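Just so we're aligned: 111 in this note's numbering is position 129 of the sequence shown, and the numbers increase by one with no gaps anywhere.
The beta-carbon is built from N, C-alpha and C at its ideal position, and this holds for glycine as well.
Bear in mind the structure is a predicted one, so any value in this text is a computation, not a measurement.
This report concerns only the one structure given below.
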Amino acid sequence: MTFLKSPPATPDAVADEYAATISGSSLPKYRIPETSSDRRAVFDLMRDELFMDGNSRQNVTTFCTTYANDEVRRLMDLSIALYLIACMLMYAAAIQLRYSAPALPRPFTVPGGSGGMWLTAGIGFAGVLFSFVVSFFPPDQLPVGSPWLYTGLVVLGIVVFAGIPLIIHHVRRSDWATVHDAPLVRPAVIPLK
C-alpha cells in the first residue's frame, strides 16, 4: 500500500507504475495532481488497483480481510459460526411462532400457510446449516497446521461463547423480568408516508 510508505525528499516524485496508457503521462505518487485527469484514465487506475489481488469484485468485498493475520481470520471464522447459529434459531423461531401465536398480527406472512412456512424456513435453515458445517473445515488459504486443531478450536469457541448466555439464563435471579411473563400486545401501527 502506497500510503504506508514515506514520501521521498523531492516533491516531484512520480511513479510510472501509476501511469495509464490512456493518459500518456505519469501520475504523481505522493501528491494530488494540479490538473484534472481524463475520466477513463482515472477509471483504469482504480480498476488496476482493485485487481491488485485478483478479482476486483472479490477484492472490494474482502479488502478488510486481505491483509489480516491468521489469528484474525480464525476469530472471524468463529464469529461467523456463532452468527450462523443465531440464523438457524431465527428460522426455527419463525416456524415455532406460526404455531404458538397464530393470531398475532404480523406485517408480513409467508404465503401457503404452514406448508409455505415450513418450506421457506426449511430451505433457509438447510442453507445456513450447510454453511455452519462447512465452517468447521479450515480453508486452503489459511495455514492452520493441523486441521483437527482448527476444528477443535472452532468447536471449543462455539461451546464457550454459545454457553455464556445459557449459563447466564440458568443462574438468573427470579426477580429478573422475562419475556415469557409479558403479555402479547398488538404492535403499534406505523403510518406510511
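- Message: Here's a check: name, in chain order, each residue in its chain whose Cβ is nearer than 6 Å to the Cβ of residue 102, leaving out the five neighbours to either side.
- Response: Sequence index remark: in the sequence shown, residue 102 carries index 120 (1-based). Once the five neighbours on either side are set aside, the close Cβ partners of residue 102 are 92.
- Do the stretch 143 to 152 and the stretch 102 to 114 make contact, defined as three or more Cβ pairs closer than 8 Å? no
- Please state whether DSSP places residue 126 in a helix, a strand or coil. Reading the sequence shown from its first residue, position 144 is the one you call residue 126. DSSP places residue 126 in coil when its eight states are reduced to three.
- Item | Neighbour-count burial assignment, residue 73, 16 or more Cβ in a 10 Å radius | Walking along the sequence shown from the start, residue 73 turns up at place 91. Flag for residue 73 reads buried.
- Query: For residue 79, which option in 66, 64, 99, 60 has the closest C-alpha, if you only look at C-alpha atoms?
  - Reply: Taking the sequence shown and counting its residues from 1, the one referred to as residue 79 is at position 97. Per the Cα distances, 99.
- Among 56, 96, 63, 95, which has the Cα closest to the Cα of residue 125? For the purposes of this step, residue 125 is taken as the residue at position 143 of the sequence shown. For residue 125, the nearest C-alpha among the options comes from 56.
- Message: Rounded to whole angstroms, what is the Cα-Cα separation between residue 67 and residue 152?
- Response: By one-based count along the sequence shown, residue 67 stands at place 85. By one-based count along the sequence shown, residue 152 stands at place 170. About 19 Å.
- Message: On the CB-based measure, 16 or more other CB atoms within 10 Å of its CB, does residue 156 come out buried or exposed?
- Response: Translated into positions along the sequence shown, residue 156 becomes position 174. The residue is exposed, with fewer than 16 neighbouring Cβ atoms inside 10 Å.
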